[in-house]
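Position one of the sequence shown corresponds to residue 329 (the working numbering), numbered consecutively onward. C-beta: ideal position from N, C-alpha, C; glycine also.
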Amino acid sequence: MTALRSVLALVLAACSAASQAECLSDAQAAALVDAFAAKTPAANPEGLSEADGSCSRAKVNALLAKRYGAVVGYKAGLTNPAVQKRFNTDRPVWGVLYQGMLLPNGATVDAGFGARPLYEADLLVRVKSAAINQAKTPAEVLDAIDQLIPFIELPDLMVQAPPKLNGPAISAINVGARLGVTGTPIAIPPYRGERFALLDALRDMSVVLRDANGAELARGKGSDILNHPLNAVVWLAEALAKEGQAMKPGDVISLGSFSPLLPPKAGAGATVVYEGLPDAKPVSVRFK
Numbered sequence: 329m330t331a332l333r334s335v336l337a338l339v340l341a342a343c344s345a346a347s348q349a350e351c352l353s354d355a356q357a358a359a360l361v362d363a364f365a366a367k368t369p370a371a372n373p374e375g376l377s378e379a380d381g382s383c384s385r386a387k388v389n390a391l392l393a394k395r396y397g398a399v400v401g402y403k404a405g406l407t408n409p410a411v412q413k414r415f416n417t418d419r420p421v422w423g424v425l426y427q428g429m430l431l432p433n434g435a436t437v438d439a440g441f442g443a444r445p446l447y448e449a450d451l452l453v454r455v456k457s458a459a460i461n462q463a464k465t466p467a468e469v470l471d472a473i474d475q476l477i478p479f480i481e482l483p484d485l486m487v488q489a490p491p492k493l494n495g496p497a498i499s500a501i502n503v504g505a506r507l508g509v510t511g512t513p514i515a516i517p518p519y520r521g522e523r524f525a526l527l528d529a530l531r532d533m534s535v536v537l538r539d540a541n542g543a544e545l546a547r548g549k550g551s552d553i554l555n556h557p558l559n560a561v562v563w564l565a566e567a568l569a570k571e572g573q574a575m576k577p578g579d580v581i582s583l584g585s586f587s588p589l590l591p592p593k594a595g596a597g598a599t600v601v602y603e604g605l606p607d608a609k610p611v612s613v614r615f616k
């Protein structure tokens with residue numbers, strides 16, 4: 329009987345733990361989106377499994393779409409192992425980019441653009457063909473895009489206690505998508521040899537984040553993102569397919585962070601340069 333009681337106790341404990349982890353309720357999702365719109369810290373989503381995080385993101389995205397309009401693309405987040413470590417996870421997550429989130433090069437943005445504003449060096453690609461959804465290699469991704477776009481992402485971790493966020497919770501908050509500054513697009517070259525060279529350049533480039541005075545703040549390699557930055561798109565295609573979604577021509581895809589997440593300061597600015605990436609021009613933002 330003692331052994332039986334012990335087994336029953338373990339089962340009840342497991343059931344209790346499972347019951348605590350569930351998708352955000354409609355009310356919780358609405359409160360999170362209201363806080364996002366007001367730029368005030370929201371309650372942390374807690375106790376979520378991966379499935380709960382995906383379910384919660386779907387609810388949040390449905391509400392965000394009502395406020396912010398058309399989907400213009402997606403972001404692959406936590407694609408850099410250093411960033412994964414910060415958020416106690418070992419895999420990427422994804423979120424949605426909406427109309428009005430993307431700003432032109434040199435934009436001036438309030439330092440308090442969100443509840444928990446940050447900035448990071450990133451890179452966008454633009455989808456040319458729906459074949460991108462079947463891409464299994466960086467070369468196949470390159471065949472299905474028509475532009476690389478320098479990008480400074482301006483995410484917002486938006487919760488009361490960002491250090492407590494983990495992978496599922498970051499999914500639930502739409503991976504912190506808020507704003508980003510886009511640079512001059514780089515056309516994908518038409519010839520095979522040039523494409524192979526570009527693949528190597530993307531893997532080997534140094535992405536450097538500098539302040540407004542030119543001082544280096546951080547530096548990363550192309551290979552810091554899943555060994556090749558276009559692997560972020562391979563991962564995203566598989567992740568979207570699992571939820572019955574797909575990228576479409578014209579979508580822009582944020583590949584992830586080449587630098588640490590840094591807090592903006594009023595009166596400061598940042599520039600990202602892509603050393604070793606042909607035809608890449610710097611992209612800059614100012615904070616007021």
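Where the beta strand (DSSP E) through residue i begins and ends
i    : result
I473 : 473 to 482
P432 : 430 to 432
D539 : 534 to 539
R454 : 448 to 455
L554 : Careful: L554 lies outside any beta strand (DSSP E) and carries neither H nor E.
G597 : 597 to 603
L485 : Unbroken run through L485: none, as it is neither H nor E.
L425 : 421 to 426
S582 : 580 to 582
Neighbour-count burial assignment, residue i, 16 or more Cβ in a 10 Å radius
i    : result
A565 : buried
T599 : buried
R385 : buried
Y447 : buried
G578 : exposed
P490 : buried
R419 : exposed
Residue i, enclosing alpha helix (DSSP H) - first and last residue
i    : result
P610 : Note, P610: premise wrong, no alpha helix (DSSP H); not H, not E.
S382 : 378 to 396
K570 : 559 to 570
L360 : 354 to 366
Collapsed DSSP secondary structure at residue i in the structure displayed
i    : result
E468 : helix
D438 : coil
R547 : strand
R414 : helix
K616 : coil
L406 : coil
A574 : coil
L590 : strand
L340 : A caution first: L340 carries a pLDDT of 32, below 50, which makes its placement in the model unreliable, though a value can still be read off. Reduced to three states, the DSSP call for L340 is helix.
A529 : helix
A443 : coil
A459 : helix
A371 : coil
G542 : coil
Proximity test, residue i beta-carbon vs the ligand ADP heavy atom, cut-off 8 Å
i    : result
E378 : Inclusion of the ligand ADP in the displayed structure is not the case, the ligand content being empty and no account of it being possible.
task = Pick out the complete beta strand (DSSP E) segments inside the stretch 489 to 526, 3 residues or longer, and give them in chain order.
result = 507 to 510
query = Three or more beta-carbon pairs under 8 Å between the stretch 459 to 477 and the stretch 390 to 404, yes or no?
reply = no
query = Is the stretch 548 to 563 touching the stretch 582 to 601, taking contact as three or more C-beta pairs under 8 Å?
reply = yes
task = Could you tell me whether the stretch 421 to 430 touches the stretch 395 to 411, using the rule of 3 or more Cβ pairs below 8 Å?
result = yes
query = Quick one: any contact between the stretch 538 to 547 and the stretch 478 to 487, if contact means 3 or more CB pairs under 8 Å?
reply = no
query = Are three or more beta carbon pairs between the stretch 562 to 581 and the stretch 519 to 532 nearer than 8 Å?
reply = no
ask   = Would the stretch 603 to 613 and the stretch 453 to 465 be scored as touching if the rule is three or more Cβ pairs under 8 Å?
value = no
ask   = Three or more beta-carbon pairs under 8 Å between the stretch 491 to 502 and the stretch 365 to 382, yes or no?
value = yes
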